[in-house]
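Trainee:
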Amino acid sequence: MVNIVLFGPPGAGKGTQAEVLKNKYDLVHISTGDVFRYNIKNKTDLGTLAKSYIDKGQLVPDEVTINMLNAEVEQHQKVKGFIFDGFPRTEAQAEALEVFLKTKNTDVKAMIALEVADDILVARLLERGKTSGRPDDADEEVIKNRIKVYYDETAILKGYYEKQNRYHGVDGVGSINEITERLSKVIDTL
Ligand code: ADP
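In structure tokens:
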């Protein structure tokens, strides 16, 4: 299996690129944000819990997120691999993913990061907020908190994967096609 973590701050374009790459490489795309939003829409207990964090721009607790991710992976047997989008976001999540994939005799082949400057991120997210219907995209304070949480809790994962020679950074500014090309160059070497 080829499992890829698509990484980067909120608004970097992970979801957009994951949709393209899953078709191109025949991989299963798991977006933790999408799974949370699905649960919020369907008013499940998980959705109610997640919403209380997401609306403030905070992370959903690790244990909840890890259990959910594992359950999503379990739903897909005999696949070529996964694109994880929005997971892991903390060191505890990265370690849990390692342990979980090991039980399936597989691992994370690479973390590929979309690198985008903060001012561009805020502008992109506010723009997305006009049409996405996502409350966490509509409020500049919530957006800024998400970016802060990214630097406080998530950005350290770069070092985690770098130490193991599994980190690849890609310029996330350009057209969708250009960025897909850059990501594909990395994936084709895996
Ligand atoms: P973005 O990357 O634009 O912030 P996502 O759709 O990936 O959007 O995530 C939306 C929200 O869902 C996050 O701000 C966070 O509250 C929650 N979330 C998503 N993935 C995780 C995760 N791995 N751990 C904790 N919370 C998460």
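Anchor point for the sequence shown: position 65 equals 1357 in our numbering, and the numbering is continuous, going up by one each time.
Even glycine gets a Cβ: it sits at the ideal position worked out from N, Cα and C.
Counting only beta-carbon separations shorter than 7 Å, does GLU1311 have a partner in chain D?
Mentor: Chain labels in this structure do not include chain D; a single protein chain is all it has.
Trainee: Cα separation between ILE1435 and ARG1426?
Mentor: Cα to Cα, ILE1435 sits roughly 11 Å from ARG1426.
Trainee: Beta carbon of ILE1358, beta carbon of HIS1321: below 7 Å?
Mentor: No, these two residues do not count as a Cβ contact at 7 Å.
Trainee: Please report the residue range of the alpha helix (DSSP H) in which VAL1475 lies.
Mentor: Note that residue 1475 corresponds to Leu in the displayed sequence, not to Val. Segment 1468 to 1479, the alpha helix (DSSP H) holding LEU1475.
Trainee: Taking Cβ positions, are LYS1485 and ASP1377 nearer each other than 7 Å?
Mentor: Outside the displayed range of the chain (1293 to 1482) lies residue 1485, so it cannot be described from this structure.
Trainee: Where does the unbroken beta strand (DSSP E) through ASP1463 begin, and where does it stop?
Mentor: 1459 to 1463 is the extent of the beta strand (DSSP E) around ASP1463.
Trainee: Nearest to VAL1478 by alpha carbon, out of VAL1462, SER1467 and GLY1466?
Mentor: Of VAL1462, SER1467 and GLY1466, the residue nearest in Cα terms is VAL1462.
Trainee: Could you check if ALA1304 is buried or exposed, using at least 16 other CB atoms within 10 Å of its CB as the buried criterion?
Mentor: That one is buried.
Trainee: Within 6 Å: the Cβ of ARG1416 and any heavy atom of the ligand ADP?
Mentor: For the ligand ADP, not one heavy atom lies less than 6 Å from the Cβ of ARG1416.
Trainee: Going by DSSP in three states, PHE1374 sits in which element: helix, strand or coil?
Mentor: If DSSP states are grouped into helix, strand and coil, PHE1374 belongs with the strands.
Trainee: Residues in its own chain within less than 7 Å of ASN1331 by CB, not counting five upstream and five downstream?
Mentor: Contacts found: LEU1338, GLY1339 and ALA1342.
Trainee: First and last residue of the beta strand (DSSP E) that includes ALA1363?
Mentor: Run containing ALA1363: none in the beta strand (DSSP E); it sits in the alpha helix (DSSP H), 1354 to 1366.
Trainee: Is the closest heavy atom of the ligand ADP to the C-beta of ARG1420 under 6 Å?
Mentor: No, since every heavy atom of the ligand ADP falls outside the 6 Å radius drawn around the Cβ of ARG1420.
Trainee: Suppose contacts are defined by Cβ-Cβ distances below 7 Å. Is GLY1373 in contact with VAL1294 by that definition?
Mentor: Their beta carbons are under 7 Å apart, which means GLY1373 touches VAL1294 by this criterion.
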